[in-house]
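Each residue of the sequence shown is one higher than the one before, starting from 13 at the first, in the working numbering.
Cβ atoms here follow ideal geometry from the backbone N, Cα and C, with glycine treated the same way.
Given the structure is predicted, the values throughout are model-derived calculations rather than measurements.
So the structure is just underneath, and the comments pick up after that.
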Amino acid sequence: SSGIPKRFSKCSFDTYTASSAHQKAKLDSCIAYANNWEKVQQDGSCLVMIGSVGTGKTHLASAIANHVMEQSQSKVCFSTASEVVRMVRSAWDRGSDLSYDDIINNLAKVDLLVVDEIGVQLGTEAEKHTLFEVFNARYNNYRPTIVISNYNKGGIIEYLGHRVFDRLLDGNSSLLTFDWNSFRGSNHA
13 SSGIPKRFSK CSFDTYTASS AHQKAKLDSC IAYANNWEKV QQDGSCLVMI
63 GSVGTGKTHL ASAIANHVME QSQSKVCFST ASEVVRMVRS AWDRGSDLSY
113 DDIINNLAKV DLLVVDEIGV QLGTEAEKHT LFEVFNARYN NYRPTIVISN
163 YNKGGIIEYL GHRVFDRLLD GNSSLLTFDW NSFRGSNHA
């Protein structure tokens with residue numbers, strides 16, 4: 013019910029391969045985030061995971077989500093940015109049971125929101141506004157959020173805007189850059 017894709021539903025920190033010191037440092041940061049979940053919740057700390065495709069960002073975000081669900085029975089919602097936008101827009105459909113505010117509030121209340129594929133959308137002002145509403149509501153309620161993108165820092169700032177990026181990195185939040193080659197292609201070299 014968390015929305016973690018089936019491919020990543022069994023991901024854990026033990027199933028992540030860290031073959032370099034840089035990869036190990038990112039793994040350690042994710043483990044610390046999950047192991048300090050009570051403090052993360054208190055502070056509303058976020059993780060922004062950016063970088064190359066196939067480097068394990070979604071794997072580690074899923075491992076965090078699985079860990080906090082198992083260890084603390086926290087409620088997790090895992091979604092792509094496009095799905096978040098569609099979810100919010102569905103409030104405008106005739107016969108929708110939920111209002112726009114209901115959907116924003118539901119996304120604001122979940123213990124951990126993981127939003128993957130930031131930047132795959134069209135980048136319209138309406139999409140950016142919708143994502144701002146979700147991230148701002150979570151920020152105002154001290155709710156941890158993990159954001160995943162293949163953009164670099166400049167690209168994600170341009171896509172989300174300075175207001176959202178600044179909120180995502182407030183306090184004890186972290187920006188993790190994954191800048192090594194894809195794990196996916198390494199099996200076929």
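Rounded to whole angstroms, what's the CA-CA distance from residue i to residue j? Just pull it up for me.
i, j, result
"valine 159", "alanine 93", "9 Å"
"glycine 66", "isoleucine 130", "15 Å"
"asparagine 117", "arginine 98", "15 Å"
"aspartate 114", "serine 31", "44 Å"
"tryptophan 192", "serine 84", "32 Å"
"phenylalanine 20", "glycine 166", "28 Å"
"valine 100", "glutamate 137", "14 Å"
"tyrosine 112", "aspartate 105", "10 Å"
"tyrosine 163", "glutamate 170", "10 Å"
"tyrosine 151", "serine 194", "32 Å"
"serine 13", "asparagine 78", "12 Å"
"lysine 36", "leucine 72", "12 Å"
"alanine 33", "lysine 140", "35 Å"
"isoleucine 168", "glutamate 82", "31 Å"
"valine 52", "cysteine 42", "12 Å"
"lysine 38", "phenylalanine 177", "20 Å"
"glycine 68", "serine 161", "11 Å"
"lysine 18", "threonine 70", "12 Å"
"leucine 172", "valine 132", "12 Å"
Measure the beta-carbon distance from residue i to residue j and round it to whole angstroms, keeping in mind my assumption that it falls under 8 Å.
i, j, result
"tyrosine 45", "isoleucine 76", "6 Å"
"serine 74", "cysteine 23", "4 Å"
"glycine 183", "aspartate 55", "5 Å"
Once you ignore the five residues that flank residue i on each side, which residues in its own chain have a CB closer than 8 Å to its CB?
i, result
"valine 96", "Leu119, Val127, Thr142, Leu143 and Val146"
"valine 80", "Ala46, Trp49, Ser86, Val88, Asp123 and Leu124"
Pull the bridge partners of residue i from the DSSP assignment, please.
i, result
"aspartate 128", "Thr92"
"glycine 63", "Phe190"
"isoleucine 160", "Met61"
So does residue i have its beta carbon nearer than 7 Å to some heavy atom of the ligand HEM?
i, result
"asparagine 193", "Among the components modelled here there is no ligand, and therefore nothing to report on the ligand HEM."
Under 7 Å Cβ to Cβ from residue i, same chain only, skipping five residues before and after it: list those, please.
i, result
"arginine 175", "Phe144"
"leucine 110", "Ala103"
"serine 108", "Ser102"
"leucine 180", "Cys58, Val60, Phe147, Thr157 and Val159"
Report all residues from its chain with a CB closer than 6 Å to the CB of residue i; omit the five preceding and five following residues, and keep chain order.
i, result
"alanine 149", "Ile116 and Ala120"
query = Are there three or more Cβ pairs, one per stretch, closer than 8 Å when the segment 114-128 is compared with the segment 82-97?
reply = With a cut-off of 8 Å on Cβ pairs, the segment 114-128 is in contact with the segment 82-97, counting three or more such pairs.
query = Counting pairs of Cβ atoms below 8 Å between the segment 52-66 and the segment 181-192, do you hit three or more?
reply = Flag = yes, the segment 52-66 and the segment 181-192 touch.
ask   = Are the segment 150-168 and the segment 14-29 touching by the rule of at least three beta carbon pairs closer than 8 Å?
value = Touching, no, given that fewer than three Cβ pairs across the two stretches are closer than 8 Å.
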